[in-house]
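Written out below as structure tokens is the structure these notes cover.
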Amino acid sequence: MKYIKEQIKLIREKDPAIKSNFEVFLYPSFKALIYYRLAHFLYLKKHFFVARFLSEHAKKKTGIEIHPGAVIGKNLFIDHGCGVVIGETTIIGNNVLIYHGVTLGGVVNTSTKRHPTIGNNVVIGCNSIILGDIKIGNNVRVGAGSIVLKNIEDNKTIIGIYK
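Oh and the sequence shown: position 158 is 157 in numbering that gives the first Met the number 0, straight run, nothing missing.
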């Protein structure tokens, strides 16, 4: 129940279009993160098939794909989340805002850390692609449509191709 109250507060803060607390239950981000939290719990208990089954179900229902192995901090909000992909070894800090079409993906097919680490208080614009085992610092803003292939220091704003 505490998680739901936190999500209601978060979504009301981040999205001026919401008119009532009950609307939170219609948000794809809310649903995807509920599924993710359960799938991640099962993943940590090594129930990999069931965890992946839940994440695939969530993807079909919401259009948001979050691998149950990803590590996500508090207050992630995925606004208009259709097409968001968050890979297995991704780490996302606290208070992160992700818009639709974002990919946090890998560039190698080994069982090592191959997805990005996103710091705290980061905004990732729509249709951005962040690839590989790179670090996006705290308080970074990634402009819409950007492609990020190397680390970004704290407190930066980037647009375009960053390699």
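Glycine residues also receive a C-beta, built at the ideal position from the N, C-alpha and C atoms.
Put simply, of 131, 73 and 23 the residue whose alpha carbon is nearest the alpha carbon of residue 116 is 131. Where residue 25 is concerned, there is no enclosing alpha helix (DSSP H), because DSSP gives it neither an H nor an E. Contact check for residue 135 and residue 118: beta-carbon distance about 6 Å, within the 8 Å limit, so the pair qualifies. Excluding the 5 residues flanking it on each side, residue 146 has same chain C-beta neighbours closer than 6 Å at 128 and 160, in chain order.
When beta bridges are read from the DSSP output, residue 104 appears opposite 130. Annotation: residue 100 to residue 126 spans about 4 Å, alpha carbon to alpha carbon.
Short of 7 Å from the beta carbon of residue 162, and not among the five residues preceding or following it, lie these beta carbons of its own chain, in chain order: 148 and 149. DSSP lists 78 as the beta-bridge partner residues of residue 98. Your pair residue 87 and residue 114 checks out as a contact, with CB atoms roughly 7 Å apart and the cut at 8 Å. With a beta-carbon spacing of about 12 Å, residue 158 and residue 139 fall beyond the 8 Å limit used to define contacts. In the DSSP annotation of this structure, the continuous segment of the alpha helix (DSSP H) that includes residue 49 starts and ends at 47-61. Approximately 17 Å separates the beta-carbon atoms of residue 68 and residue 92; this is outside 8 Å, ruling out the contact.
Taking each of 56, 16 and 90 in turn and checking the Cα distance to residue 133, the smallest one comes out for 90.
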